[in-house]
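Heads up, the thing below is written out as structure tokens.
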Amino acid sequence: MHWKNALLITLIVVLRSPFVYGQNDMNNNKESIVIDSVNYDIIIPTFLGDDQRNYYGNTAPDTLQVIWKHYLGKGKTIISRKLGEREWAGAGWTGQPLLVEENGHPYLIQGAYDHKLKKIDALNGKIVWEYAFDDVVKGTGTLVYLPNEPKESQLIILQGSRLGVGNYLDTKHIPSYRAISYLTGKELWRFDQKWTHSYSRDVDGSALFVNDTVYIGFENSLFTSFNASPQKAKLLNGMLQPEIYQELKLYHMDDVKKHRSNVVTESSPSRIGRNIYVASGSGNVWGYNMDTKVLDWNFYIGSDIDGSAVVTGDSCIMVSVEKQYIDGLGGIFKLKPGSKEAVQWYFPAKDKGYASWEGGVIGSVAVNDRYVDTTATKMAAFVALDGYLYVVQHDSLENDSLVQGPRLKHSYNTPKLVYKYKVGASISTPVFTNNKLVVAGYGGIYLFNYGDNKFRLINKVNTTFESTPILHNGRVYIASRDGNLYCLGRR
1 MHWKNALLIT LIVVLRSPFV YGQNDMNNNK ESIVIDSVNY DIIIPTFLGD DQRNYYGNTA
61 PDTLQVIWKH YLGKGKTIIS RKLGEREWAG AGWTGQPLLV EENGHPYLIQ GAYDHKLKKI
121 DALNGKIVWE YAFDDVVKGT GTLVYLPNEP KESQLIILQG SRLGVGNYLD TKHIPSYRAI
181 SYLTGKELWR FDQKWTHSYS RDVDGSALFV NDTVYIGFEN SLFTSFNASP QKAKLLNGML
241 QPEIYQELKL YHMDDVKKHR SNVVTESSPS RIGRNIYVAS GSGNVWGYNM DTKVLDWNFY
301 IGSDIDGSAV VTGDSCIMVS VEKQYIDGLG GIFKLKPGSK EAVQWYFPAK DKGYASWEGG
361 VIGSVAVNDR YVDTTATKMA AFVALDGYLY VVQHDSLEND SLVQGPRLKH SYNTPKLVYK
421 YKVGASISTP VFTNNKLVVA GYGGIYLFNY GDNKFRLINK VNTTFESTPI LHNGRVYIAS
481 RDGNLYCLGR R
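In terms of our numbering, the sequence shown opens at residue 1 and continues consecutively.
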């Protein structure tokens with residue numbers, strides 16, 4: 001290893017933040033820690049891999065054979081007092097597993113619709129432990145290393161769920177965010193979600209952990225920073241709760257009225273230097289300054305926004321736009337925060353509804369910046385509700401081509417389209433390596449090979465997916481709505 005990479009890894013451990021963009025190549029995105037003589041390599045510690053939301057694992061397979069599958073189970077959840085109860089199986093949005101190696105042996109952390117968070121042996125699919133929430137577990141957790149804690153609390157999982165079966169929006173206490181010991185599967189604290197102008201008190205987003213502070217946008221649309229330490233937690237309302245540093249609203253009252261209280265924040269925050277970016281269902285993309293501790297940047301789109309702001313190698317963010325509350329088409333923005341002209345380009349997707357969605361893009365964007373050298377084509381991949389996978393060259397524009405923005409008030413440049421393929425509607429996020437692209441959705445999971453800007457479908461598995469996969473050592477791990485967690489690759 002080059003001495004500069006070794007120095008950066010050392011700095012990451014000292015700062016106790018596993019997410020620093022560009023510190024390693026695609027095969028070495030990890031923080032290594034030791035607890036009681038066991039070496040833990042934290043490889044996928046949060047949704048989309050790091051604090052830039054653009055790392056998906058090291059290598060993809062060349063086929064999608066089922067190596068093993070584990071039945072995750074099913075569970076009940078309440079939609080509302082009016083709509084009543086539903087039973088869901090497997091795992092869905094965002095549903096991406098976390099990955100840790102213990103002395104080289106890989107383990108997954110997977111949330112599921114049977115209300116349980118599970119630690120699973122990645123080599124054979126066997127359960128190590130389970131922790132039961134009060135409702136289905138939807139979002140992806142975040143692994144946090146706290147070296148000054150007792151052994152059980154040194155490596156913890158921050159994980160959210162829906163608000164709790166039997167609970168409603170006006171229930172007095174909704175502790176839908178928890179800290180769970182990675183080592184034992186035991187609860188360390190729970191976070192009571194406040195009732196705000198948002199119509200949700202669930203938690204879907206994945207937190208950032210930077211220099212001992214946790215940052216997350218909850219579904220009540222409070223951007224919250226807090227101390228993850230169980231030793232600093234205090235008993236409040238009969239629950240051991242973490243120490244809160246700050247809470248900021250990710251909406252204006254006009255947004256509440258326009259969206260009929262759908263100002264839910266489901267996305268996961270990302271980071272560029274000392275700035276954090278988070279998209280909200282209020283129709284805003286916000287920038288938070290970690291030094292001044294204020295929301296000092298805002299880009300108003302007006303639609304519902306569910307996907308996370310994904311960072312590119314040129315310090316821009318990719319934002320997905322749902323077709324709701326807007327006159328124009330949903331699609332993808334590439335934004336340069338802080339610049340005079342924030343919009344680099346806009347790529348619209350044709351209107352086509354699916355389930356309760358009206359169109360646009362629900363999932364996040366994948367970029368290949370972490371996997372290719374500086375001379376290679378920089379690509380972004382996403383699937384719209386119109387059923388198509390789109391791959392664009394995100395650092396190059398179409399000549400003499402302008403498209404209307406989502407509110408029909410501005411026209412923008414659009415990027416060069418590299419590839420388009422009908423895969424069916426999806427709310428999952430595609431995942432790249434240097435020569436493979438894996439795409440999951442309601443129509444199945446697809447494996448593409450790519451090179452010289454040409455894509456070729458090499459395998460497909462037919463089942464239903466809402467969650468996002470990870471890649472590790474030539475295997476794909478992904479949970480399905482059919483009830484199973486799959487390990488796919490070559491047997």
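Glycine is no exception: its CB is placed at the ideal position from the N, C-alpha and C atoms. Small disclaimer: the values here were computed from a predicted structure and weren't measured.
The Cβ-Cβ distance between residue 92 and residue 358 does not fall below 7 angstroms. Under the three-state reduction of DSSP, residue 187 is assigned to strand.
Between residue 247 and residue 224, the gap from beta carbon to beta carbon is short of 7 angstroms.
The alpha-carbon of residue 260 is positioned some 54 angstroms away from that of residue 37. Rounded to whole angstroms, residue 138 and residue 119 show a C-alpha spacing of 16 angstroms.
Each residue's CA atom was taken as its position, placing residue 296 and residue 306 some 21 angstroms apart. Residue pairing from DSSP places residue 226 in a beta bridge opposite 214, 244. Out of 251, 390, 301, 477, the CA that lies nearest to the CA of residue 219 is found in 251. If you draw a 10 Å sphere on the C-beta of residue 318, you find 16 or more other C-beta atoms in it, and that means buried. With contacts defined by Cβ atoms closer than 7 angstroms, residue 488 and residue 64 form a contacting pair. In the structure shown, residue 452 adopts coil according to DSSP, grouped into three states. If only uninterrupted beta strand (DSSP E) runs of at least 3 residues are considered, those enclosed by the segment 83-117 are 84-89, 98-102, 105-111. As the crow flies, the alpha-carbon of residue 461 is around 11 angstroms from that of residue 480.
With fewer than 16 neighbouring CB atoms inside 10 Å of its own CB, residue 86 falls in the exposed class. Bounds of the beta strand (DSSP E) holding residue 41 are 38-44. In this chain, the beta strand (DSSP E) harbouring residue 319 covers 317-321. Under DSSP, residue 70 forms a beta bridge with 485. Of the candidates 30, 414, 210, 376, 210 places its Cα closest to the Cα of residue 270. The DSSP-derived three-state label of residue 254 is helix. The beta-carbon separation of residue 56 and residue 431, rounded to 4 angstroms, stays under the 8 angstroms limit for a contact. Judged by beta-carbon spacing, residue 406 lies beyond the 7 angstroms limit of residue 308, meaning their Cβ atoms are not closer than that value. Taking the Cβ atoms as the reference, residue 265 lies roughly 14 angstroms from residue 287, outside the contact range of under 8 angstroms. Taking the C-beta atoms as reference points, residue 90 is found nearer than 7 angstroms to residue 483. In the structure shown, the three-state DSSP call for residue 339 is coil. Only buried fits residue 135, as 16 or more other CB atoms lie within 10 angstroms of its CB. Within the segment 149-188, the complete beta strand (DSSP E) segments of 3 residues or longer fall at 155-160, 177-181, listed in chain order. With three or more CB-CB distances shorter than 8 angstroms, the segment 343-359 counts as touching the segment 413-421. Here the alpha carbons of residue 253 and residue 327 stand approximately 21 angstroms from one another. For residue 31, the enclosing beta strand (DSSP E) starts and ends at 31-35.
Residue 379: member of the beta strand (DSSP E) spanning 379-383, first to last residue. With a contact defined as Cβ atoms closer than 8 angstroms, residue 380 and residue 361 miss out at about 11 angstroms.
For residue 52 and residue 325, the gap between their C-alpha atoms comes out near 28 angstroms.
Annotated three-state conformation of residue 52 is coil, per DSSP. Taking C-beta atoms under 8 angstroms as the contact rule, residue 160 and residue 202 qualify, at a distance of about 7 angstroms. The continuous beta strand (DSSP E) containing residue 441 extends over residues 436-441.
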